[in-house]
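Here the sequence shown is numbered in the UniProt record's numbering, starting from 1 and rising by one per residue. Here's the structure we're looking at; comments come further down.
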Amino acid sequence: MTEKNARDAIPRELSVGEVAERSGVAVSTLHFYETKGLIRSQRNRGNQRRYPRSILRRVAVIKVAQRTGIPLSEIADALSVLPHDRPLTAQDWRKLSETWRSLLDERIARLTKLRNQLDGCIGCGCLSMQECPLRNPWDTLAAEGPGPRLLEPDPA
1 MTEKNARDAI PRELSVGEVA ERSGVAVSTL HFYETKGLIR SQRNRGNQRR
51 YPRSILRRVA VIKVAQRTGI PLSEIADALS VLPHDRPLTA QDWRKLSETW
101 RSLLDERIAR LTKLRNQLDG CIGCGCLSMQ ECPLRNPWDT LAAEGPGPRL
151 LEPDPA
């Protein structure tokens with residue numbers, strides 16, 4: 001078989017099962033990604049999903065982004081500006097990584113600060129302390145009433 005014949009033998013489109021097998025992602029996850037607008041498929045005459053081969057790279061990018069802790073909504077926002085009709089390029093990846101780098105840097109700084117404050121925690125559940133640097137810095141939650149409150153940094 002010649003190289004041209006070998007290329008012609010490679011299917012241009014993949015079924016959802018083939019994408020799942022090749023990407024290591026469950027079929028249900030691919031369906032979920034599709035409902036969230038992360039990936040797209042075409043339907044054949046039998047109403048079966050068909051994906052371009054380039055979907056494999058897109059799914060890989062989604063999985064890498066998820067592993068770094070980036071929420072799917074942010075992944076979807078970043079991918080929404082990229083074309084669906086071709087594989088993601090190195091330039092596309094650079095754009096995505098630049099977008100996510102500052103978010104990851106902020107998250108790393110927050111987690112590092114949290115890790116460094118763990119030594120001061122006495123493990124009491126924090127509600128008996130008026131000021132806990134981990135759960136209630138500067139007692140900011142006292143005005144919200146009694147009981148447990150989760151304090152996350154205000155994104156604004």
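Quick reminder that beta carbons are idealized off the backbone N, C-alpha and C, glycines included.
Can you look up residue i in the DSSP assignment and give me helix, strand or coil?
| i | result |
| --- | --- |
| Q48 | coil |
| S28 | helix |
| S128 | Caution applies to S128, whose pLDDT of 47 falls short of 50 and renders its modelled position unreliable; the model cannot decide the point. |
| L96 | helix |
| S23 | helix |
| L88 | coil |
| K63 | helix |
Excluding sequence positions up to five away, which residues of its chain have a Cβ less than 7 Å from the Cβ of residue i?
| i | result |
| --- | --- |
| S128 | Note on S128: pLDDT 47, under 50, position unreliable in the model; the coordinate value appears next. Excluding positions up to five away in sequence, the list is empty. |
| E13 | R50, Y51, P52 |
Please report the straight-line C-alpha distance between residue i and residue j, rounded to a whole angstrom.
| i | j | result |
| --- | --- | --- |
| R110 | L104 | 10 Å |
| R58 | T99 | 16 Å |
| V16 | T112 | 40 Å |
| N47 | E74 | 30 Å |
| W93 | R45 | 34 Å |
| D60 | S54 | Note on residue identity: the sequence assigns Ala, not Asp, to residue 60. So the alpha carbons of these two residues sit roughly 10 Å apart. |
| I108 | A65 | 15 Å |
Can you list, in chain order, the residues of its chain with a C-beta nearer than 6 Å to that of residue i? Leave out the 5 residues immediately preceding and following it.
| i | result |
| --- | --- |
| I70 | W100 |
| V27 | V16, A20 |
Per DSSP, which residues does residue i bridge with? Please list them.
| i | result |
| --- | --- |
| R43 | R49 |
| E13 | P52 |
Use the C-beta contact count for residue i: other C-beta atoms within 10 angstroms, 16 or more gives buried, fewer gives exposed.
| i | result |
| --- | --- |
| S41 | buried |
For residue i, I'd like the list of residues in its chain whose CB is within less than 8 Å of its CB, leaving aside the five on either flank, ordered along the chain.
| i | result |
| --- | --- |
| T68 | W100, L104 |
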